[in-house]
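First comes the structure, then the notes that go with it.
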Amino acid sequence: MLNELTNIEGKILAGERLTQEDGVRLMRSSDILRLGHLADMVRKRIMIKETPLAKDNAYFNCNLNINYTNICTCRCPLCAFSRDPNAEDAYLLSLEKIEERVRTIHCMGVNEVHIVGGLHPDLPFSYLEEMLQRIKGINDNIFIQAFTATEIDYYADLSEISLEDALIRLKNAGLSSIPGGGAEIFSPRVRKIIAPKKIPGERWLKVMETAHNIGLYSNATMLYGHVETPEERVKHIIAIRELQDKTIVSTSGTGFLSFVPLAFHPNNTNLSNCKGTDGFDDLRVFAVSRLLLDNIIHIKGLWMYLGEKLAEVALCFGVDDLGGTGIDEKIVHAAGATTPTQTSKELLARIIKNAGRCPKQVNSIYEEVKE
């Protein structure tokens, strides 16, 4: 009997695009080593096409995380971070405190800031703009990746600003790129369970399309390991691939720079009965993502979700980016992540070298950072 992957492997070797049906077969496959081999082969092919000398590179960045508020009107069942406004541990950071924290970390050599937060019911859009302006006032070269599509859509609507105008204002205030959070799984069935008040997948995609059209790069994520099916995972990935097809043509290249699969951490959420993922499933998702997304250059496996050992292995399953040092990360740790809340660039470089790859420090649009 022919191996379940033989026909698909032939398409991969020929450089043909895989279908949704192919993706489901891959997502259901138990031949994990073969998946890894194929994904690593495709990773090298994509890297060589992008930059001939890049096939052995793996990337990381040094960044400060700022979660400016945990107050959120959505209160998604999947989230362990959000709080009601009257909760004892609810908070909203002042702009002065954010500026002080960035200034302190910048003096230590960190030149990138990642910012996300909850959907605060009383926060004006000007708070986001002034936050960016204050950070850029410290040093105009600080790279700011900030505000998920969900946040941008919410605060624009709250302040009665059009989506395009909101994105233009944020870009003018200093926004460098947009993270991929809030995508979760696009399936309406799943979103009703895990994030019933969050914008639908179609709206998330619209925000990203609009951002790409005004020249902002972004990432895309997929939160998996809760109540979704293999078919719903694959449909999510294909939807991102389809938008990438559209925007890289209409914008002459601006689009998604990386795809970031995020394993669900159930602790302290209202979905704590979900078992989460195991290492086998994590590696399969990375590999299948790499095989399906022929038009997105990078697959990112965040070390703080994976831990050091699995991060090393993931670099052989299609992953080429381990994310950032993550100083002060709060969201995944609120849900039970046992990794440190930050790490050093030396440790990330060692993980990469242990996997036989060449570490490269970059910013979030993959510009190399020189020491």
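Counting in my numbering, the sequence shown runs from 1 upward without gaps. All C-beta atoms in this analysis are idealised placements derived from N, C-alpha and C, irrespective of residue type, glycine included.
For the candidate residues the options, whose alpha-carbon lies nearest to that of residue i?
i      : options                        : result
ARG34  : GLU50, LEU5, ASN172            : LEU5
LYS235 : GLY23, PHE264, ALA287, LEU347  : GLY23
PHE186 : ILE144, PRO230, GLN145         : PRO230
LEU302 : LEU291, LEU53, ILE296, LEU315  : LEU315
ASP153 : VAL190, PHE143, ALA166, GLU312 : ALA166
GLY181 : ALA263, ASP122, ASN172         : ALA263
TRP204 : LEU291, THR221, PHE286         : THR221
LEU13  : GLN20, LYS275, ILE46           : ILE46
LEU128 : THR69, ILE351, ILE240          : THR69
LEU216 : LYS197, PHE259, GLY225, ASN172 : ASN172
LYS192 : ARG169, PRO179, SER218, VAL227 : VAL227
ILE178 : HIS37, MET208, GLU160          : MET208
ASN354 : SER162, GLU308, VAL362         : GLU308
PHE259 : GLU16, ALA311, LEU348, ARG290  : ARG290
ASP56  : ILE352, ASP294, ASN363         : ILE352
GLU346 : ILE365, THR251, LEU322         : LEU322
PRO121 : ARG83, ARG101, LYS370, ASN273  : ARG83
LEU163 : ASN141, GLU367, LYS206, PRO188 : LYS206
HIS37  : GLY276, GLY356, GLY225, GLU9   : GLU9
ILE297 : PHE280, ILE365, TYR224         : ILE365
ASP281 : ASP245, ARG233, ARG241         : ARG233
ARG241 : MET108, ILE299, LEU53          : ILE299
CYS274 : GLY225, VAL362, GLU368         : GLY225
GLU21  : ASP31, GLY15, ASN7, SER30      : ASN7
VAL313 : LEU283, THR247, LYS370         : LEU283
Locate the alpha helix (DSSP H) running through residue i, then write down its first and last residues.
i      : result
SER250 : 230 to 250
PRO196 : From DSSP, PRO196 is part of no alpha helix (DSSP H); its letter is neither H nor E.
ALA90  : Note, ALA90: premise wrong, no alpha helix (DSSP H); not H, not E.
ALA263 : Segment 256 to 263 is the beta strand (DSSP E) holding ALA263; no alpha helix (DSSP H) there.
LEU175 : It is not in any alpha helix (DSSP H) - LEU175 carries neither H nor E in the DSSP assignment.
GLU160 : That residue, GLU160, is in no alpha helix (DSSP H); it is neither H nor E in DSSP.
Can you name the start and end residues of the beta strand (DSSP E) that residue i belongs to?
i      : result
ILE115 : 112 to 116
GLY10  : No beta strand (DSSP E) contains GLY10, which is instead part of the alpha helix (DSSP H) from 6 to 13.
THR221 : 217 to 224
LEU64  : 64 to 67
ALA146 : 143 to 146
LEU293 : Segment: none, LEU293 is in no beta strand (DSSP E) and carries neither H nor E.
Run through DSSP, which three-state label would residue i get?
i      : result
LEU366 : Rather than Leu, the amino acid found at residue 366 in this sequence is Tyr. Looking at TYR366 - three-state DSSP - the assignment turns out to be coil, as it is neither helix nor strand.
VAL332 : Residue placement at VAL332 is poorly supported in this model, since its pLDDT is 47, which falls under 50; the coordinates still yield a value, given next. Helix.
CYS107 : helix
LEU322 : strand
ASN354 : helix
ASN57  : strand
THR19  : coil
PHE317 : coil
SER29  : coil
PRO188 : helix
HIS212 : helix
ILE299 : strand
SER126 : helix
LYS360 : strand
ARG75  : coil
ILE48  : helix
Measure the CB-CB distance between residue i and residue j and report whether it falls below 9 Å.
i      : j      : result
GLY174 : ILE135 : yes
GLU202 : ALA195 : no
PHE125 : ALA156 : yes
LEU92  : ILE66  : no
ALA149 : LEU132 : no
ILE138 : ARG103 : yes
ALA58  : ARG357 : yes
LEU18  : ASP294 : yes
MET304 : THR343 : yes
HIS114 : LEU170 : no
Against chain C, with Cβ distances strictly below 9 Å, would residue i count as a contact?
i      : result
ASP281 : The chain inventory of the structure shown lacks chain C, comprising one protein chain alone.
Please tell me whether, using a cut-off of 8 Å, the distance from the CB of residue i to the nearest non-hydrogen atom of the ligand ADP is below it.
i      : result
GLY109 : Questions concerning the ligand ADP fall outside what the structure shown contains, since it holds no ligand whatsoever.
Using 8 Å for Cβ pairs, my map puts residue i next to residue j. What's the rounded Cβ distance?
i      : j      : result
LEU78  : THR269 : 6 Å
ILE237 : LEU292 : 5 Å
VAL288 : LEU26  : 5 Å
CYS62  : VAL116 : Not confirmed; about 18 Å, so no contact.
PHE286 : VAL319 : 5 Å
LEU158 : ASN219 : With 8 Å as the limit, LEU158 and ASN219 do not qualify as a contact, their Cβ atoms being about 24 Å apart.
GLN244 : GLY255 : 5 Å
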